[in-house]
Amino acid sequence: HPEVRRRLKQQFKAILVDEFQDTDPVQYEILLFLSERLEDAAGRWQEVNLEPGKLFIVGDPKQSIFAFRRADIEAFQQVTERVVSQGGMALTLTTNFRSHASILAAVNGLFARLIAEQPGLQPPYHALEAQPDRNTGAGTQGVELRLVAQDEESGEGEDLSAEQAVRGEAEAIARWMKYELIGKEVLIDAEGQRRKVEPGDVAMLFRTFSQGREYLDALRRYGLAYVAEGERHFYRRQEVVDFVNLLRCILNPDDAIARLGLLRSSLGALTDREIMELTELGALDFRPGGHANWDRHPRADHLQRLYAVLQSLREECPQRPLPEAVDLIFERLPVLELAAASVHGEQAVANLWKLRALTEDLVADPALTLGGLSELLMERVADPPEESESGLAEESSEAISVLTIHKAKGLEFPIVVLVGLHVGTLPQPNPIDVHHDWSTDVVGLRFEGISTLEGVFTAQKLKARMTAERRRLLYVGMTRAKERLILSGAVSRRRGSGNFLDLYREAIGESVGQQAAPLLSAGDGRIIQTIIPADEGKLQHGKPKEQPDETVPELADFALRWQKRERDYELRHANPIVVTPTSFVLKTRPLESLSLRNTSAMLLGLLVHSSFKMMSYGNEHQPIHDVIDRVLTRELAPEFQSEREAIREEIGGILSAFMKSGAYAELCAATILAREVPFVMPFGSQVSTLPRGLMEGRIDLVYRKDGRLWVADYKSDRVTESEIPRRAETYREQARHYMQAVRLGFGEEPAGFKLIFVRSGIAVPVEI
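Count along the sequence shown from 1, add 599, and you get the number used in this note's numbering.
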């Protein structure tokens, strides 16, 4: 649209584009048209006359690795040539501020041979230079090639099968990380301080995640925590699968697969033999009457507790909004605690919270029930979408980062392990393919084995582009390392076509993979080669045996780190990000009062609040005990069912007495605006002694009386009439925050705040 184009050209006086090599041809055209001289209106990008000094682009064609997103290096070259031809200046930056000189020497030696200029396919290679005053380091630096190979003396041949290669390499690399790298090697920071390598210093990079499970299983066997960024991994994590089984079991106790998964999980904690014994007793069903003989099982006490909670969740979860249902599961069952105690502790807990956050996103859909959520999660477990785990890699030193080279682009790590060098990943052609070549405007069509002439042309051109991009992908992977780069693979009988190992052989020679060549040369760079016998890379059954640690523990460093951890812990808990108004009550309430609040009293208070929430003010004939029965059915936990009748009578007495009070009469004459009002508001300020954060809470009652707005809170405290003024004083801070929340939410200044002591029927204003 000419007018829109003209106005946008006027709006943007200068355009800076980063990562230009990752943009696609359509974006190139848009940028050129926006950078055009104001008085021009070219019909084709090839005819654009650029406004001098308006367009500034930054890009590294050696890192163009997103052809699957339509990034086109030929288009990149044509655009940059057009900019230069119209007076633009090309500046080549060669200083690398990330990697150690020994890594860059090997990279330069390899890619001076692997990346040769081919117009439209490959840019020229410009050697990288190390930062001259680089001040970080490590005890061991440089590049090492580690290959698993069949022992030449074993008589089994020189190579491994594809399956043996993957498993052997995965086992070998996990063992090496466990016993030789993490906690053993040393890193040196910019201040010259030495410390041991932590899991968060290490990144394991894959070309794709197609065979990632073998490597991650090996990390788990050796107790190495990791966080997998991206691809299809989130819905395959054990804690996610276990939660989905739990949800399915709550909703449908007849789901035999989910029930078995639950019983075998850390929550059920039953062995296969114990499950078989439970089956023989006919006691797999947690519903009342479905497990008559469970008390004869060796784990009867555990099963009694688990079954009771599952039944309560089955009754209550479907009645709640999705996020609250998940919160209830987390509250009633130690799901989060068991995740925290697992090998992947912090990451496992974060993944469960990510599931909970998913329910927040879905709650806007009123048609989605808890059953619908269960079905959605089942579909995603069966056919996982691309979904990363909850991100911890940037914040935690407790987990190895596991990600693809594409995901790692732009990131850096002290130690990088590039795995699966022998695995080929050339894409399989689609049965039907339509491809448009931007530079020639040719459209090619291929249907199964039949192609148009244009289809043959575009297919050959695309194949050449993918072959060239494979070399750039290897370059990106190798240049993520700051101090140490480990290249890992296997000498395999069925080495896949298009693998990285063949590129090393092309650049270095046939000495790659040979036991007799412990040191490889790549130009001025040197690569240490370690051949690992296949026997050492065999799968370890059960938990790997601990090897003796011959290093002397640095107890002083450990003590300092532990002290820092304790200080951080105390700081976080002293200054929480999210607080509640009731936390201020606890700070001001005398300890003697708190000691009287046993579990039953707290439970009674919650049930009384729920009953008041369902009361209809002004209806003298409302069936109070029907209200109470509905509350007890929904909220009374199984362990208190034996006290149900006593609780029912006590709540009934409280409500009946309250309905005869002046406080009740006042509410009957008022207009009830809202009950159980949730709120979240900013908390603390720069002029306050409290940190900036959030306050969340729930207000029992907001009503209007005689044209004035009032805020009220029910209290079921057991206090005499003479004690009420002193008790009300302890709620002053809570009242102040409730008033502020109503002021912000209703846009109106409340007349005041009242505490309604329901046992005595007295409503007391609290002075703010």
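We treat Cβ as the ideally placed atom computed from N, Cα and C, and that holds for glycine. No experiment lies behind these values; they were computed from the predicted model shown.
C-beta contact flag for residue i and residue j at 8 Å
i     : j     : result
H901  : A882  : no
Y1216 : L1266 : yes
E743  : I1049 : no
A1058 : L759  : no
V801  : I999  : yes
Y821  : A773  : yes
D732  : R669  : no
L880  : L861  : no
V1310 : V1341 : yes
V948  : L932  : no
L937  : T958  : no
I702  : A1080 : yes
M977  : R847  : yes
P1349 : M1338 : yes
V908  : R955  : no
F805  : G1019 : yes
For residue i, the first and last residue of its enclosing alpha helix (DSSP H)
i     : result
G1043 : No alpha helix (DSSP H) contains G1043, which is instead part of the beta strand (DSSP E) from 1041-1046.
F1239 : Counting along the chain, F1239 falls outside any alpha helix (DSSP H), and DSSP gives it neither H nor E.
F1099 : 1099-1107
M1065 : 1052-1077
P1125 : A quick correction: the sequence has Arg, not Pro, at residue 1125. Counting along the chain, R1125 falls outside any alpha helix (DSSP H), though it belongs to the beta strand (DSSP E) covering 1124-1132.
I629  : 624-633
P601  : 601-610
K953  : 944-961
G741  : Taken as a continuous stretch (DSSP letters only), G741 belongs to no alpha helix (DSSP H), being part of the beta strand (DSSP E) at 741-748.
Sequence-distant residues of the same chain with beta carbon closer than 7 Å to residue i, five excluded per side
i     : result
T739  : E784, R1083
A715  : Q721
R1233 : E915, Q918
D1316 : R1326, F1356
S1210 : V1226, I1227, V1230, I1250, L1254
S1321 : none
F559  : Beyond the ends of the chain as shown, which are 600 and 1367, falls residue 559; an answer cannot be given.
E618  : G658
Same chain, Cβ closer than 8 Å to residue i, neighbours up to 5 away in sequence not counted
i     : result
G1360 : A1256, F1257, K1259, S1260, G1261, A1262, Y1263
V603  : none
A789  : N734, T735
A981  : none
Assigned secondary structure, residue i (DSSP; H/G/I helix, E/B strand, else coil)
i     : result
Q910  : helix
V801  : strand
L932  : coil
H1208 : helix
Q677  : helix
H1034 : strand
N844  : helix
K1368 : Given that the chain is displayed from residue 600 to residue 1367, the structure contains no residue 1368 and the question cannot be resolved.
K1008 : coil
E784  : coil
L713  : helix
A1115 : coil
K653  : coil
Q721  : strand
R1342 : helix
T878  : helix
E728  : strand
Endpoints, the beta strand (DSSP E) within which residue i is located
i     : result
K795  : 793-795
K1314 : 1307-1314
P1277 : 1270-1282
E1082 : 1080-1089
P1364 : 1361-1364
I1367 : Counting along the chain, I1367 falls outside any beta strand (DSSP E), and DSSP gives it neither H nor E.
S1000 : 999-1003
Sequence-distant residues of its chain with Cβ nearer than 6 Å to residue i (five each side left out)
i     : result
Y906  : F885
R913  : I849
V1055 : none
Rounded Cβ spacing between residue i and residue j (contact assumed at less than 8 Å)
i     : j     : result
L1102 : L1073 : 6 Å
T693  : L727  : 6 Å
E797  : I781  : 7 Å
T590  : T1129 : Examination of residue 590 is not possible in this model, given that the chain is present from 600 through 1367 alone.
L649  : Q685  : 5 Å
L607  : L630  : Not really, about 11 Å apart at Cβ, beyond 8 Å.
A705  : G1043 : In fact, because the Cβ distance is near 39 Å, the residues do not count as touching under 8 Å.
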